[in-house]
Amino acid sequence: MTSPIETPLSRRSFLKWSGAATAAAAVGGKAPVLYALTPDETKKSFAKPDSRYSVCGMCLNACGLVARVENGVITKLDPNQKFLKSRGMLCARGNAGIQQLYDPDRLKYPLLRKGERGEGKWERISWDQALDLAAAKMTEIAEKYTRCGVMFTPGSDSQSLFVHWFAEVFGSYNVSTHESSCLLSRNRAYLDTFGEVPFADVLHTKYIIVVGANPFEALITPDSIDLMTAKKNGCKIVVLDPRFTKTAGLAHEWHPIRPGTDMAFFLALSHVITSEKLYNETYSQEKLSGIEQLTEHVRQYSPEWAEKECEIPAADIRRIARELAAAAPTAIVYPGRRTSDYVNSTQIRRSMAIVNALLGNWDSPGGLLAARQVGLSGPELPEAPFYDDNPEHRLDKGMAKMMFEEEGAFKHMRDAIISQKPYPVKGWFVYRYNPLQSAANRQKTIEMMKQLDFVVTVDIAMSDTAWMSDLVLPAPSVLERQDPASGLQGSAACACVVARDPVVPALFESRPVFEILKGLAGRMKLTEYFDFTMEEYRKQQFKLLPDADRAIREDGVYYNPSKLYGIYEGKIYKTLSKKIELYNERYAQMGVDPIPVYQSPKPNPVNQFRLVVGRNAYFTHCTTQNNALLNELMPDNSLWIHPVAAKKLDIKDGERVEVTSNAGKGELSVSLNNGIREDTVYMASGFGVLSKGLTRVYGKGACIAELIEDYADDISGNMAMHETFIRVAKKGAL
Amino acid sequence: MNKQLAMVIDSSACIDCKACTLACKVENNVPEGKWRNWVKRSEPDFNKPDWMVHSASFHFQPGGCMHCEVPTCVQACPTGATYKDEKDGAVKVDPKLCIGCGSCIPACPYGARYRHPTRNIVDKCDYCEKRRARGELPACVVTCPTKARVFGDISDPKSDAALLLKKNQSVRVINKESDTKPNMYYLSATAPLNWPVKARMPDPIQLWKMAGPLIWGIVGLNAIGVLIMLGKQILMNDKAPETDESHEETRQS
């Protein structure tokens, strides 16, 4: 009676205690007993809790958190109030990080496939067996097909940099990251306008146009929180979206733009701004390149013309252009993040970047900001070996006009693996990446996997990609890991450095990918390239930041008080003209439109709907749908359809429908929704899974990756996920 | 003046991210299917012409137990388990006295109470009493991205909650037939407003019949408990147990 539980909990009891919410519900069979009569051991108080800093890993924002540890168990995650980037908050997903840690669905030990791929028959093997096998298979493929015969796909994770490094020393250029399903076209467009990818000073802005982004649901720190603060401070928010998102619903104006016509809207803004000379003449002379060409080019794109494309009244377009110009340079056309939508998504973002450039919304308060200095050093690593039998280029070389070599383009890589041209790739190392759910056209990913002799996946849970692999290796959650330092850009809030240390020891047999790669390197005569510990690596990263290590221990974060505004004063831009390019000279040289030329999107085929992708605040892409806490917020996905469109198809609210596209099909229920255009439908990602290892979400809803056809942006190779039309019919009517 | 803990909510800052509901769920081990707090919403009138351009609006309204001035749940409780704590003005459930009869559940116009499926008590928001004992804010307040929930002692004019109330016009969301005088204030123009229901009070005789034997049972068991404790103190020279707060959370295994 004197002390709380003193013995450390066994792993078994960890699980029992874990996710108390679900566990409590799962013991329904117990006979009801009055609480007052329950035995005392269930009421014992805990020892004084211990608070430890860490950084959330439920999405890529990396928000600061404080973990409460009681008797070796994390019982609560709270926001780190000193963490400026996340404005001292922790969202629903952050709060559910505890469930990811203690989830019974976690991968626990290495698993080797026994039956057919995807059959779900596994054999538990030891780590030595697993690493021996992976090293042998990868070496075998390297010998037969060269080292480029193994593809590496690191997801967004603070240890992914080691996967990149491993691929380099192993000798494969075939690295394809998550980014080609995300924001590469945005990055391309802003790099080719400002010479770098900017951050938005949302906090201080007075006027913001949000297009194809949804910051109040797809949370980005600090932008999402700053947007509300800015609104409270009088900032006007204008949202263009075919869907009435929560961002649209909290904005001052929502315009349900016709999907795929964003460029028309922004060319028309440029038309009004140039024809009415609403820009700063001196600024344009000093900083911009191509004002004459732009003025001439956009003469054809009047608001009256754009109205026909966007279905937004010309008067509104003209008014918004004038309002935006009046607020500039304390104004932003928000660059957004996921821009994997259309085959010309780079040019669409160029048209947005050009409006920002024209109005000088750049490098000053309330505009777009250049990246701030963080100050981390790149550790000194030995030079990677050269393998002279390797092919000359990466597999997807030349399949997009201006691809990012270090990111690749998954869609193109997959096509090349299927066709085995220009050369065969037969192995695949997957780290926290799940293209079977996140990449358009699931059937094609399955087809690609049929070409592969060996697939190894490292993940926390049995994702669909893990489910279809040959070898599955369990990774710990971020709360159990030691990570390298990461530099974070927090816009006006901060530039900061974080680095995780384990809050609790890794559960089960899980191992961080860093250790896995070290184990593989040791088996492949590559030991010297991974001959360092995480401490040593971090120490090198902190070479120029003597205070960082202490600050991270004391506050959970180190801030670099680096320059925020006016970074480019007196400096040249990293573009061909050395100015901000309205007219891109390199594009002109390469035969790409130097100023975006409008192309109308494909019209909807009769009785078909355009399918759009979008996020909510509970799910990170397709990774958190099976988390018990988040799953309860949305246990299933449904098809958003406008009541008028549904009536034509004789479909009622909640009814089951079959959806088909040229890529695949699915079945789910409909939710009638006035907040979507009549020609557009939407469903949440991450459902309709293949993996029976995701026990809560298996058998629920339809898979959007199954339906989306695989197009790509022709400049960046970014996946184009809004180019698909689908047919919707009552179940059994097709 | 006595302490009066209260929540002052700027619902116009709420983005319906559900951080507060999950933070509460984890902190208080709220079982699946049950919630101690919520976010309600009002949608625009989609039939209004031109609604999308100039009057587009969602309005999200975070809520939870309102810790009322005139709590109908307290009136409905047959055992005194639900009570208004004079020390801080919060409405609390003493799990040792709660018999899980559920009379208080329909007596709350706001649906703030639920019957715990395994603990056999009624549970609801207690402003995170254990956190407050450690000097922390309630879980929902501290986790909120836009800090829409402001918590504090409104009797203390210097508290954030009192200052916010003083600076702004506020409303209380009630059912006119059961005005419980909530200690949850919304900065004006909150929506929706029409959701609280009339408090449904238990029939006193039914209640007595239902609760009577159980209460006698508890009294009897308590007496046995007292004897055992006494015996234990005499026979074993044990150190005094740490005083538990009334809201010790159990964890189900």
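If you read the protein sequences in the order shown, they are chains P and F.
Numbering follows our numbering, with no gaps: position 105 of the first sequence is 90.
Numbering follows our numbering, with no gaps: position 163 of the second sequence is 171.
Glycine included, every Cβ here is placed at the ideal spot set by N, Cα and C.
Short of 8 Å from the beta carbon of L235(F), and not among the five residues preceding or following it, lies no beta carbon of its own chain.
If you ignore the 5 residues before and after P34(P), its C-beta comes within less than 6 Å of the C-beta of R53, E55, all in its own chain and listed in chain order. Think of a sphere of 7 Å around the beta carbon of M213(P): the chain F residues whose beta carbon falls inside it are A21, I23, T154, in chain order. G156(P) has its alpha-carbon roughly 7 Å from the corresponding atom of P370(P).
Residue state for G49(P) is assigned as strand, using DSSP reduced to three classes. Rounded to the nearest angstrom, the gap between the Cα atoms of F151(P) and A127(P) is 14 Å. For T60(P), the secondary structure class from DSSP, reduced to helix, strand or coil, is strand. In terms of Cα proximity to V318(P), the closest of P497(P), Y583(P), I339(P) is I339(P). In the DSSP assignment, A484(P) falls outside any alpha helix (DSSP H) and carries neither an H nor an E.
If you compare the alpha carbons of G88(F), V38(F), H67(F) with that of T232(P), the shortest gap goes to H67(F). Around the beta-carbon of R78(P), 16 or more other beta-carbon atoms lie within 10 Å, marking it buried. Only residues of its own chain outside the window of five on either side were considered, and among them T131 have a CB closer than 7 Å to the CB of D374(P), listed in chain order.
Its Cα nearest to that of V591(P), the residue K633(P) stands out among A446(P), R98(P), K633(P).
Cβ-Cβ separation between P497(P) and P461(P): approximately 6 Å, consistent with a contact (criterion under 8 Å).
Residue range 247 to 260 is occupied by the alpha helix (DSSP H) that includes F251(P). In this chain, M15(F) is not harboured by any alpha helix (DSSP H); it is covered by the beta strand (DSSP E) spanning 13 to 17.
The DSSP-derived three-state label of K221(P) is strand. For a cut-off of 8 Å, the C-beta gap from V415(P) to T450(P) is around 6 Å, short enough to register as a contact. Shown here for Y550(P): same chain residues with a beta carbon closer than 8 Å to its own, the five before and five after excluded, namely D348, S349, P350, L354 in chain order. In the DSSP secondary-structure assignment, A185(P) is bridged to L353(P). Spatial neighbours of Y522(P) in its own chain (CB-CB distance under 7 Å, excluding positions within 5 residues in sequence) are listed in chain order as P364, P469. Residues S141 of the same chain have their beta carbon placed closer than 7 Å to that of L45(P), with the five preceding and five following residues left out of the count.
When DSSP states are grouped into helix, strand and coil, E652(P) belongs to the strand group. The beta carbon of P628(P) lies closer than 7 Å to those of L657, N659 in the same chain, with the five residues before and after it left out.
For Y158(P), the secondary structure class from DSSP, reduced to helix, strand or coil, is coil. Among the bridge pairs identified by DSSP, Y667(P) is matched with V597(P), W625(P).
Taking 9 Å as the cut-off between beta carbons, the residues of the stretch 60 to 89 of chain P near chain F are T60, K61, L62, D63, P64, Q66, S71, R72, G73, M74, L75, C76, A77, R78, G79, N80, A81, I83, Q84, in sequence order. Residue-level contact check: L204(P) touches chain F, since one or more beta carbons of chain F fall below 8 Å from its beta carbon.
The C-beta of E289(P) comes no closer than 8 Å to any C-beta of chain F.
Listed in chain order, the non-local C-beta contacts of T645(P) below 6 Å within the same chain comprise R712, local neighbours out to five positions each way being set aside. Neighbours of L618(P) in chain F, taken as residues whose beta carbon is under 9 Å from its own, are K26, T29, L30 in chain order. The beta carbon of Y286(P) is closer than 8 Å to those of A249, L252, A253, S255, H256, Y583 in its chain, skipping five residues each way along the sequence. For the pair I305(P) and E292(P), the CB atoms are not nearer than the 8 Å cut-off. Beta-bridge partners of A714(P) (DSSP): E643(P). For Q114(P), the closest of P531(P), G504(P), M668(P) by C-alpha to C-alpha distance is G504(P). DSSP places A316(P) in the uninterrupted beta strand (DSSP E) bounded by 316 to 318.
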